[in-house]
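For the sequence shown, our numbering begins at 1 and goes up steadily by one. By construction, the Cβ of each residue, glycine as well, lies at the ideal position given by its N, Cα and C atoms. Here the structure is a predicted model, which means the values were calculated and not measured.
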Amino acid sequence: MFARWVQGELPPRELVLDVLDAVLQPGASDRVWATLGLLAPTD
1 MFARWVQGEL PPRELVLDVL DAVLQPGASD RVWATLGLLA PTD
């Protein structure tokens, strides 16, 4: 997102606020780690 900001291509403010709202909710870190666990390569 920083690279987009430097280029002046930030997503719409409403989208950014929606993403921040979802990330800052209680339990969001658990969902993030669960999602990353699904994306992890399996041996």
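- Between ALA28 and ALA22, the C-beta spacing is below 8 Å.
- For LEU20 and PRO41, the gap between their C-alpha atoms comes out near 27 Å.
- In the DSSP assignment, GLU14 falls within the alpha helix (DSSP H) that extends over 13-24.
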